[in-house]
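Enquirer:
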Amino acid sequence: MRRNIKLAVGNIVRRVLHIIREEDLSLTTAAIAGLNLSAASDGDDDDDGEQDEHTVLSAAAVAASARNALRPPSLQTLLEDMPESVAIPHTSSSGGDSEGKSKSADKSSRTRRLKHDVIEAVNELIQDINTCHEQIAEQAVEHIHQNEVILTLGSSKTVLEFLYAAKEKKRSFRVFVAEGAPRYQGHLLAKELVTRGLHTTLITDSAVFAIISRVNMVIVGAHAVMANGGVIVPVGLNMVALAAQKHAVPFVVLAGSHKLCPLYPHNPEVLLNELRSPSELLDFGEFSDCLDFGSSIGSPLLHVVNPAFDYVPPKLVSLFITDTGGHNPSYMYRLIADYYSADDLVVRRRVALGN
Amino acid sequence: MDARRATTTVPRVRQVGFFTPNAPPAQPSRTHSFPLDSSSPPLSNSPVNNSLSPVMIPPSRHLSDNLVHRATSPLPVPEPSAFRRPIRSHHVAVVGSYNPTESLLGSSPPLASPSSRVIGDGEFSEESSAGWFRRSNSAKFASSFSGAFDLTSVMSSEAGGFHQVKKPVIAQPKEEKSGAAAVVEPQINKGLSSSSTKPLKEKTTKAERRALQEAQRAAKAAAKDMTVSVGVSTSKPVKQQPAQKKDAPPPASSVAVSDRKGVERSMEKERRKDIPAPRMQFDDKSRVEKAKKRAVVNQSEARNRVELFRHLPQYEHGTQLPDLESKFFQLDPMHPAVYKVGLQYLAGDISGGNARCIAMLQAFQEVIKDYSTPPEKSLTRDLTAKISSFVSFFTECRPLSMSMGNTIRFLKSRIAKLPLTFSESEAKASLCADIDRFINEKIVLADNVIIRHAVTKIMDGDVLLTYGSSCVVEMILLYAHELGKQFRVVIVDSRPKLKGQALLRRLVGKGLSCTYTHINAVSYIMHEVTRVFLGSSSVLSNGTVYSRVGTACVAMVAHAFHVPVLICCEAYKFHERVLLDSICSNELGDPDALSKVPGRMDINYLDDLTNKDNMQLLNLMYDATPSEYVSMIITDYGMIPPTSVPVIVREYGREYLWI
Numbered sequence: 001m002r003r004n005i006k007l008a009v010g011n012i013v014r015r016v017l018h019i020i021r022e023e024d025l026s027l028t029t030a031a032i033a034g035l036n037l038s039a040a041s042d043g044d045d046d047d048d049g050e051q052d053e054h055t056v057l058s059a060a061a062v063a064a065s066a067r068n069a070l071r072p073p074s075l076q077t078l079l080e081d082m083p084e085s086v087a088i089p090h091t092s093s094s095g096g097d098s099e100g101k102s103k104s105a106d107k108s109s110r111t112r113r114l115k116h117d118v119i120e121a122v123n124e125l126i127q128d129i130n131t132c133h134e135q136i137a138e139q140a141v142e143h144i145h146q147n148e149v150i151l152t153l154g155s156s157k158t159v160l161e162f163l164y165a166a167k168e169k170k171r172s173f174r175v176f177v178a179e180g181a182p183r184y185q186g187h188l189l190a191k192e193l194v195t196r197g198l199h200t201t202l203i204t205d206s207a208v209f210a211i212i213s214r215v216n217m218v219i220v221g222a223h224a225v226m227a228n229g230g231v232i233v234p235v236g237l238n239m240v241a242l243a244a245q246k247h248a249v250p251f252v253v254l255a256g257s258h259k260l261c262p263l264y265p266h267n268p269e270v271l272l273n274e275l276r277s278p279s280e281l282l283d284f285g286e287f288s289d290c291l292d293f294g295s296s297i298g299s300p301l302l303h304v305v306n307p308a309f310d311y312v313p314p315k316l317v318s319l320f321i322t323d324t325g326g327h328n329p330s331y332m333y334r335l336i337a338d339y340y341s342a343d344d345l346v347v348r349r350r351v352a353l354g355n
Numbered sequence: 001m002d003a004r005r006a007t008t009t010v011p012r013v014r015q016v017g018f019f020t021p022n023a024p025p026a027q028p029s030r031t032h033s034f035p036l037d038s039s040s041p042p043l044s045n046s047p048v049n050n051s052l053s054p055v056m057i058p059p060s061r062h063l064s065d066n067l068v069h070r071a072t073s074p075l076p077v078p079e080p081s082a083f084r085r086p087i088r089s090h091h092v093a094v095v096g097s098y099n100p101t102e103s104l105l106g107s108s109p110p111l112a113s114p115s116s117r118v119i120g121d122g123e124f125s126e127e128s129s130a131g132w133f134r135r136s137n138s139a140k141f142a143s144s145f146s147g148a149f150d151l152t153s154v155m156s157s158e159a160g161g162f163h164q165v166k167k168p169v170i171a172q173p174k175e176e177k178s179g180a181a182a183v184v185e186p187q188i189n190k191g192l193s194s195s196s197t198k199p200l201k202e203k204t205t206k207a208e209r210r211a212l213q214e215a216q217r218a219a220k221a222a223a224k225d226m227t228v229s230v231g232v233s234t235s236k237p238v239k240q241q242p243a244q245k246k247d248a249p250p251p252a253s254s255v256a257v258s259d260r261k262g263v264e265r266s267m268e269k270e271r272r273k274d275i276p277a278p279r280m281q282f283d284d285k286s287r288v289e290k291a292k293k294r295a296v297v298n299q300s301e302a303r304n305r306v307e308l309f310r311h312l313p314q315y316e317h318g319t320q321l322p323d324l325e326s327k328f329f330q331l332d333p334m335h336p337a338v339y340k341v342g343l344q345y346l347a348g349d350i351s352g353g354n355a356r357c358i359a360m361l362q363a364f365q366e367v368i369k370d371y372s373t374p375p376e377k378s379l380t381r382d383l384t385a386k387i388s389s390f391v392s393f394f395t396e397c398r399p400l401s402m403s404m405g406n407t408i409r410f411l412k413s414r415i416a417k418l419p420l421t422f423s424e425s426e427a428k429a430s431l432c433a434d435i436d437r438f439i440n441e442k443i444v445l446a447d448n449v450i451i452r453h454a455v456t457k458i459m460d461g462d463v464l465l466t467y468g469s470s471c472v473v474e475m476i477l478l479y480a481h482e483l484g485k486q487f488r489v490v491i492v493d494s495r496p497k498l499k500g501q502a503l504l505r506r507l508v509g510k511g512l513s514c515t516y517t518h519i520n521a522v523s524y525i526m527h528e529v530t531r532v533f534l535g536s537s538s539v540l541s542n543g544t545v546y547s548r549v550g551t552a553c554v555a556m557v558a559h560a561f562h563v564p565v566l567i568c569c570e571a572y573k574f575h576e577r578v579l580l581d582s583i584c585s586n587e588l589g590d591p592d593a594l595s596k597v598p599g600r601m602d603i604n605y606l607d608d609l610t611n612k613d614n615m616q617l618l619n620l621m622y623d624a625t626p627s628e629y630v631s632m633i634i635t636d637y638g639m640i641p642p643t644s645v646p647v648i649v650r651e652y653g654r655e656y657l658w659i
């Protein structure tokens, strides 16, 4: 079982890879376009030799670029100033050194531009992640009207900002916060909401079913959103989602797009979960006599299970609100293509090519 | 008459299930909630301002029940009690879970033509919802009354202490004036509650009020007369009853407390045979104020009450105990055993339906053993009054559970059915034996039967899940382990009580292999569970299981994972009430228990926040599990589906269920 599942980290890595690939692709396309242009413009020259050379050069360059584009280059080749012979082993024989030289010159400038673009794009990504709360909170007014009762469990900054934005727009509503044992993050959220002037009621997790018949909407944050539309959420929310489904209460998940994970969950309760310390549930001192391993069968009589996450299947989720808008769970797979490249889904360590 | 009596004699106290035969029958039929006063002041509460909990009020009895009881009730209740019977049957829900009509039965007069009267009474009590009067029985009543009128003198002599004094006064001069007769009739009518199908008129016109005043004046004048011919003249008044009826109820209601009127109105609207009377409305300030005046325990209401639960009482915890302790020596009528149990309820030392019931019954046994009938009083009536006052005290300490309500109904019916020929010591011995029998049959033996049934459902290799700490489920698990079955137990626990830890310790101590988790993780653990065993506080007539908060969540998740859910519940906990959700009836616990997390010093986020206006803490004690999540209920009557609960409640009836 993996420890410390931090799917968002993998997401960001993949996002960056995708950015790099995209930037490279756009540069390549631009290069090809540029070469074609230059070839066309040179067509009128009287200098046949030069023309021919240029043409030949351009042709070779185009071929090389095309090959670059068609074959997914390794990151190494993109970001480093590699000699052409290494980078493009199948370069056509004509041109040879001169082509190599010009190509490498070309390549280095291209690489510099690529780096520049990639750094810009990554900065944008950082900006997006920092402002995802605001973008999601902007949509709060569309979903919360007057005299609503909202239920949430545990604590999430996105939810906090979401509710606060609705309050800023003068919507009146009440919030029931379930404590979220054993971390009791609900206490924190309740405190924050009260400080910001929202009408809050703190309830125990066991009272969720009792209360939910009077609740209009359940709004929660997510730890990760899987490719099938399922969500990895703090523990206890599967119970809330089932209760919401029984009472036909919309279950809304707020998640920034950086939480969208291109993986499909297989056995998520086990593989994508994390078991925390039993001391959060039982006091070791109090139960030291029960934690005795001296029973005849040799295994302990007392197990304590303290999972950190829950998996909510897509059929229980009514709506995803992300920084790009509201989506159905069945649509989330489509967003993957926007953010991730197919090759990066499984991040493998690759043996360096030559060098 | 009635009206007058209502105003002067009856202090808007609500009959808490027991009414003395001398209680003024003259209550206007309209005022169901009319205080059929009887017991001592602390006990009598008008239905409106009852300080007792909103927990279950038993519905009115069936005709058959009345017949049975009537036939055997040997109490030498004078005629007038018959008057009161119907009135009582229209009573508002008695707080503290007893059926006023039940106690009514106990005091049915064994006078001439008891059977006819019995039938009449039966109809009355059954009719509690149908309205005050039924014309059909008026004649019957009148005839019986004539035979029994000589009791009126008895009545008058029994007037000690209660407002019923007026009754004999009123009854006597009947023949004198038609006006007086008119006065009497309403009384008779009321008593019978048969004659008048009184129109549910709440507003009384000026004319009616004037008529009422006339009647009162006439009655006063006639009060001097003590002629016995009252009975003879009854027949005449009876005929005029229908005419008078209209006068009687409206004036009576006008005289009645205005807020009570509101209660009656709402009550009449929902009057039907089996609907339990409405409970105390805690969102009505005036009623709460009245209740507070009579309360023994001073409860200060909590600030920051959750809007959704304004209809339930919520008090500041931690304030009652010292106050109650200081009052110990001033509470004269309080028995020390009752006081002790009440304090244990308040402090939370006793919890769990069975434990509370047994503690209460044992306290009552002590009361009965130490009881001695005061002079000039009948044992049944006085004892029932005492029991009612103690029940009010218990309710103030902690609202009664539904099973406790059933238990109290049983006890009162046993008291009511004591044969007249018993001496005091015999009666006391009989009651103590009854209580012992109840505890033995309905709780101890029932648990044994349940355990035997339940272990047949446990097989080797099972993983059994239980929630919280239920005594029956614990016994089942231990017994199955003793039988040598190989199984694992998963204990799901929740805040704020964390009862599961105690259960965990006991089970591990006995050698069972246990897994412990909190309720949020129930989805995680459910995929390896094969059966779920849950206890309950009560099972209602629509199959809803009323139990510790969180049970509904566990049952729902089990249902989602296709794991069968078995509820283990003794049959005495079944109730005729129906509930759709957990909001309409619940118990609110101590909100401060939420903000403090014992054992985790780092969790103190809410220390300074409990006084903010926006912040509310809601600590529900119970919740209602819908019947579709329950696969089977294991009771001492066998293993039944949730749809069979109303059948058991009905077929086995009160007699068999509790007696």
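Protein chains in written order, with full-length UniProt numbering: chain A, 1 to 355; chain B, 1 to 659.
From the three backbone atoms N, C-alpha and C, an ideal C-beta is built for every residue, glycine too.
When you compare each of A:His247, A:Pro307, A:Val175 and A:Gln245 to valine 159 of chain A by their alpha carbons, which one comes out closest?
Expert: A:Val175
Enquirer: Flag this pair as yes or no: are the beta carbons of histidine 453 of chain B and isoleucine 634 of chain B separated by less than 8 Å?
Expert: yes
Enquirer: For isoleucine 144 of chain A and alanine 166 of chain A, what's the separation of their Cα atoms in angstroms?
Expert: 7 Å
Enquirer: Need the endpoints of the beta strand (DSSP E) that proline 265 of chain A sits in, please.
Expert: No beta strand (DSSP E) contains proline 265 of chain A, which DSSP labels as neither H nor E.
Enquirer: What's the gap between the Cα of alanine 593 of chain B and the Cα of arginine 531 of chain B?
Expert: 31 Å
Enquirer: Name the chain A residues that come within less than 8 Å of arginine 495 of chain B, Cβ to Cβ?
Expert: Glu179, Ala181, Thr204, Asp205 and Ser206
Enquirer: Counting along the chain, where does the alpha helix (DSSP H) carrying cysteine 553 of chain B start and finish?
Expert: 551 to 560
Enquirer: Please classify proline 374 of chain B: is it buried, with 16 or more other beta-carbons within 10 angstroms of its beta-carbon, or exposed?
Expert: exposed
Enquirer: List, in order along the chain, the chain A residues whose C-beta lies closer than 8 Å to that of aspartate 462 of chain B?
Expert: For a Cβ distance threshold of 8 Å, nothing in chain A lies close to aspartate 462 of chain B: the least Cβ distance comes to about 16 Å.
Enquirer: Taking the beta carbon of valine 472 of chain B as the centre, do at least 16 other beta carbons fall within 10 Å, making it buried, or is it exposed?
Expert: buried
Enquirer: Suppose you measure from the CA of glutamine 135 of chain A to the CA of aspartate 323 of chain A; what does that come to, to the nearest Å?
Expert: 5 Å
Enquirer: Apart from the five residues on each side of it in sequence, which residues of its chain come closer than 7 Å, Cβ to Cβ, to alanine 8 of chain A?
Expert: Excluding sequence positions up to five before and after alanine 8 of chain A, its CB lies within less than 7 Å of the CB of Ala224, His258 and Lys259, all in the same chain and listed in chain order.
Enquirer: Taking the alpha helix (DSSP H) that serine 389 of chain B belongs to, which residues open and close that run?
Expert: 379 to 397
Enquirer: What beta strand (DSSP E) runs, 3 residues minimum, are completely inside the region 126 to 193 of chain A?
Expert: 148 to 153 and 173 to 178
Enquirer: Determine whether the Cβ of lysine 246 of chain A lies closer than 8 Å to any Cβ atom of chain B.
Expert: yes
Enquirer: One question on the structure: do alanine 342 of chain A and arginine 495 of chain B come within less than 8 Å of each other, judged by their Cβ atoms?
Expert: no
Enquirer: Is leucine 308 of chain B close to chain A? Criterion is C-beta to C-beta, closer than 8 Å.
Expert: yes
Enquirer: Answer with yes or no whether the minimum CB distance from isoleucine 519 of chain B to chain A is below 8 Å.
Expert: Yes - at least one Cβ of chain A is within 8 Å of the one on isoleucine 519 of chain B.
Enquirer: Going by C-alpha distance, which of A:Gly256, A:Val305 and A:Val252 is nearest phenylalanine 273 of chain A?
Expert: Per the sequence shown, residue 273 of chain A should be read as asparagine rather than phenylalanine. The shortest Cα separation from asparagine 273 of chain A among A:Gly256, A:Val305 and A:Val252 belongs to A:Val305.
Enquirer: Measuring only from the beta carbon, is aspartate 323 of chain A closer than 7 Å to any heavy atom that is part of the ligand SAH?
Expert: With respect to small molecules bound, the structure shown includes none, and the ligand SAH cannot be examined in it.
Enquirer: Would you kindly work out how many angstroms separate the C-alpha atoms of histidine 266 of chain A and valine 346 of chain A, rounded to a whole number?
Expert: 15 Å
Enquirer: Between the C-alpha atoms of valine 367 of chain B and alanine 429 of chain B, what's the straight-line distance to the nearest angstrom?
Expert: 12 Å
Enquirer: Within a Cβ cutoff of 6 Å, which residues of the same chain sit near tyrosine 340 of chain A, ignoring the five residues on either side of it in sequence?
Expert: Arg14, His18 and Pro262
Enquirer: On the CB-based measure, 16 or more other CB atoms within 10 Å of its CB, does isoleucine 211 of chain A come out buried or exposed?
Expert: buried
Enquirer: Please list the partners that tyrosine 652 of chain B has in chain A, where partner means a Cβ-to-Cβ separation under 9 Å.
Expert: Result: empty, since nearest Cβ-Cβ is about 30 Å, beyond 9 Å.
Enquirer: Just by C-beta distance, which residues in the region 615 to 627 of chain B are closer than 9 Å to chain E?
Expert: Absence of chain E from the displayed structure is noted, the protein chains being A and B.
Enquirer: Taking all protein chains shown into account, decide if phenylalanine 438 of chain B is buried (16 or more other Cβ within 10 angstroms of its Cβ) or exposed.
Expert: buried
Enquirer: Keeping to the same chain, check which residues put their C-beta closer than 6 Å to that of proline 234 of chain A; ignore five residues upstream and five downstream.
Expert: Gly154
Enquirer: Can you tell me whether cysteine 584 of chain B is helix, strand or coil according to DSSP?
Expert: coil
Enquirer: Do you know how far the Cα of arginine 506 of chain B is from the Cα of cysteine 514 of chain B?
Expert: 11 Å
Enquirer: Consult DSSP for aspartate 590 of chain B and reduce its assignment to one of helix, strand or coil.
Expert: coil
Enquirer: Could you check what DSSP says for histidine 575 of chain B in three-state terms: helix, strand or coil?
Expert: coil
Enquirer: What number of angstroms, rounded off, separates the C-alpha of proline 419 of chain B from the C-alpha of valine 208 of chain A?
Expert: Straight-line spacing of the CA atoms in proline 419 of chain B and valine 208 of chain A works out to 51 Å.
Enquirer: Can you give me, in chain order, the residues of the region 568 to 585 of chain B that have a beta carbon less than 7 Å from any beta carbon in chain A?
Expert: Correct list: Asp581, Ser582 and Ile583.
Enquirer: Taking the C-alpha atoms as reference points, what is the distance between alanine 241 of chain A and leucine 316 of chain A?
Expert: 6 Å
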